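Trainee: In the working numbering, the protein residues as written are 57 to 490.
In this text, a Cβ means the ideal position worked out from N, Cα and C, and glycines have one as well.
Note that the structure is predicted; figures quoted are calculated from it, not measured.
I have a structure here, written as C-alpha cells, and I will follow up with some questions on it.
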C-alpha cells in the first residue's frame, strides 16, 4: 500500500509523458501483488462452503473498479487542461489507507502457519475466523491435524515447494497446466472486445457522450453479474458455469460480427452496444469470478502462492499481447475491422470452449485433500464431479491415526494401494500421517 501511494504521487505530479509512463509502471508492481495474494488468501482463509464465494469476490474489484473508473472518466470530460488526467489519478489516494488498515487487522492464513510448523497459532487463527463457539477444543485440534495430513501428503509430491515443482511430471504438472489454461481463458474468451467500448463505438459512428454513457452501463452490469455469480455458485458447479459462460459469450460475439457487415444505422449501433453490455454481464457472472474460485482451489497447498503468481504472470503477458491485437483491430489507423473483429473473438472463444470441455475439472465442494487424491489417481476432468471420495482423515481428525483416503468411481471397484506408489491405473490411495 505504501508503494501504491508513492506511485500515485508520481502520476499526479508528472511533468512529462515519460514520467507518467514510469509512474504507471511503478503502479503495476503493487497491483501485481494484490492480484495474486488476494486469490491465495481467499482460498485458504475460508471453509469449503464459502471458499468459492470469497474467491469470486475478487471479481468485484474489477467490475466495481471499472464502474467507478468509467464514471470518473465521464466526469473528467468536462475538465480542461492537465486537470482532466490529474484529478482521476489523485482520486486513487482514497483507497490505500482503508485497505491498509484492513490488511493490518486481517488474520494470517492457518494453512500457511501449518506449513511453517506454527500449529498453536494456526489453531488460534482457525478459531478466530469462525463464529464464537463454532469449534470445540477437540474439533479445532482435529481440523489442524487434518491440515497437517494434507500438508504431509503434498510433501510427497513437492518436497521443497520450489518453482521447479510446478512443472514436475505427474499430477502437479497437470494442475499447473489447468490453472494456466484457466487464466488464459480469461483473456481469450472474447470479453476483451468490451475493454475498448468507447473507442469501438466511436469508430462505429456513436457520439463521444453516448459512447461514455454506454461504457458506464456496461461496467454497471459487471457488478450485477458478480452478484448473480454468487447465486449460481450455490446451485451449479464451477465447470458448468464456465462452459455455459463461454457458449453464451459466443452467442453474443457472432451477432456483433454480423452487424459489422450490414449498413451502419442507429439501430445497429445500439444493438452492438447492447450485445457488448450482455458480454460483460455474462463474463462477470461466469468466467470472471469463477476463475478466481478455480485457481485458488487447483494448486497443491504448498505450491498455491507460487502457482497463482505463475498463472497470473502468464495472464498479464497474454493480456498485453491480446490488447495490442484488439487495439489494432478497432483503431481507424490500424486494421479498422470495427465490429468485424467479433469473428476473431468467436474463433478464440471456440478454442477456449474446446480446451475447457476436455481439461477443466469440477473443483467445487472438494477439500484440498480430496483434490490431491483425485489428481493423484488421474481422474479425468469430466469425471471429477461424480467420483466419490471418502477421506477418513477428515472424519477422525486425530494426529497419528492411520488416514485412509479412498477414491471410488461409481462404476469401478476400489483398490487400496500406497499413495506414494500410485500407478496409472489405480483408483485408490492410502497414506499414513506421521
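1) Less than 8 angstroms between the CB atoms is what I'm expecting for residue 408 and residue 245, so what's the real figure, rounded?
2) Would you kindly check if the distance between the Cβ of residue 115 and the Cβ of residue 340 is under 8 angstroms?
3) Excluding sequence positions up to five away, which residues of its chain have a Cβ less than 7 angstroms from the Cβ of residue 378?
4) Could you name the residues of the same chain whose beta carbon sits closer than 6 angstroms to that of residue 399, not counting the 5 residues immediately before and after it, in chain order?
5) Suppose you measure from the CA of residue 168 to the CA of residue 323; what does that come to, to the nearest Å?
6) Take residue 279 and list the residues in its own chain whose beta-carbon comes closer than 8 angstroms to its own, dropping the five residues that flank it on each side.
7) Tell me whether residue 291 sits in a helix, a strand or coil according to DSSP, three-state version.
8) How many angstroms separate the CA atom of residue 75 from the CA atom of residue 66?
9) Between which residues of its own chain and residue 293 is the CB-CB distance below 7 angstroms, once the five residues before and five after are set aside?
10) Taking C-alpha atoms, which residue in 221, 164, 391 lies nearest to residue 96?
11) Give the straight-line distance between the Cα atoms of residue 155 and residue 57, rounded to the nearest whole angstrom.
12) Would you call the CB atoms of residue 268 and residue 147 closer than 8 angstroms?
13) Given residue 145, which residues of its chain have a CB within under 6 angstroms of its CB, disregarding the five upstream and five downstream residues?
14) Exposed or buried, which one is residue 338 when buried takes at least 16 other CB atoms within 10 Å?
15) Kindly give me the distance between the Cβ atoms of residue 346 and residue 94, rounded to whole angstroms, as I take these residues to be in contact under 8 angstroms.
16) With burial defined as no fewer than 16 other Cβ atoms inside 10 Å of the residue's Cβ, what is the status of residue 291: buried or exposed?
17) Three or more C-beta pairs under 8 angstroms: does that hold for the stretch 221–234 against the stretch 299–318?
18) Report all residues from its chain with a CB closer than 8 angstroms to the CB of residue 262; omit the five preceding and five following residues, and keep chain order.
19) What whole-angstrom Cβ distance do residue 181 and residue 364 have, given they're in contact under 8 angstroms?
20) Can the beta-carbon of residue 307 be found closer than 8 angstroms to that of residue 406?
21) What's the gap between the Cα of residue 426 and the Cα of residue 129?
22) Tell me the residue span of the alpha helix (DSSP H) that contains residue 238.
23) Would you report the Cα separation of residue 355 and residue 152, rounded to the nearest angstrom?
24) Taking the straight line between their C-alpha atoms, what separation do you get for residue 282 and residue 335?
Mentor: Inspection of the coordinates gives the following:
1) Yes, they are in contact, since the Cβ atoms of residue 408 and residue 245 sit about 5 angstroms apart, within 8 angstroms.
2) Result yes, Cβ atoms of residue 340 and residue 115 sit closer than 8 angstroms.
3) Excluding positions up to five away in sequence, the list reads 243, 244, 248.
4) Excluding positions up to five away in sequence, the list reads 313.
5) Their Cα atoms are separated by approximately 55 angstroms.
6) Within the same chain, and ignoring the five residues on either side of residue 279 in sequence, the residues whose Cβ sits closer than 8 angstroms to its Cβ are 116, 119, 120, 123, 340.
7) In the three-state reduction of the DSSP assignment, residue 291 falls in the coil class.
8) For the pair residue 75 and residue 66, the Cα-to-Cα distance works out to about 7 angstroms.
9) 418, 420, 441, listed in sequence order.
10) Taking only the C-alpha atoms, the option nearest residue 96 is 164.
11) C-alpha separation (whole angstroms): 8 angstroms.
12) No, they are not a contact pair.
13) Spatial neighbours of residue 145 in its own chain (CB-CB distance under 6 angstroms, excluding positions within 5 residues in sequence) are listed in chain order as 67, 68.
14) Burial call: buried.
15) With a contact defined as Cβ atoms closer than 8 angstroms, residue 346 and residue 94 miss out at about 16 angstroms.
16) Counting the other Cβ atoms within 10 Å of the Cβ of residue 291 gives fewer than 16, which makes it exposed.
17) The stretch 221–234 vs the stretch 299–318: no contact.
18) Same-chain partners within the cutoff: 270, 325, 329.
19) The C-beta distance from residue 181 to residue 364 rounds to 20 angstroms, too long to meet the 8 angstroms contact threshold.
20) No, they are not a contact pair.
21) Taking the straight line from one Cα to the other gives about 47 angstroms.
22) Taken as a continuous stretch (DSSP letters only), the alpha helix (DSSP H) holding residue 238 covers 227–244.
23) C-alpha separation (whole angstroms): 30 angstroms.
24) When rounded, the distance between both Cα atoms is 13 angstroms.
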